[in-house]
Amino acid sequence: MQKRMIVLAIAIMAFILGLIYLGQGDFAREAWRDIWGVFGGL
């Protein structure tokens, strides 16, 4: 189960980095905050 969470976190980070790379930095920052809020709530 823990391994799945790590893989998921890496996939999310890669997705966010992709958004930043595509020049959608503001949206990515908002999403990043939301995601960390979710992780913080676990």
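The sequence shown begins at 1 in UniProt numbering and counts up by one.
Heads up, the beta-carbon is just placed ideally off N, CA and C, and yes, glycines get one too.
#### Entry: Same chain, Cβ closer than 6 Å to Arg-4, five either side skipped, listed in chain order
none
#### Entry: C-alpha distance - Gly-40 paired with Glu-30, whole-angstrom precision
15 Å
### Message
Helix, strand or coil, according to DSSP, for Leu-17 in the structure here?
### Response
helix
### Inter-residue spacing [alpha-carbon to alpha-carbon] between Gln-2 and Leu-8
10 Å
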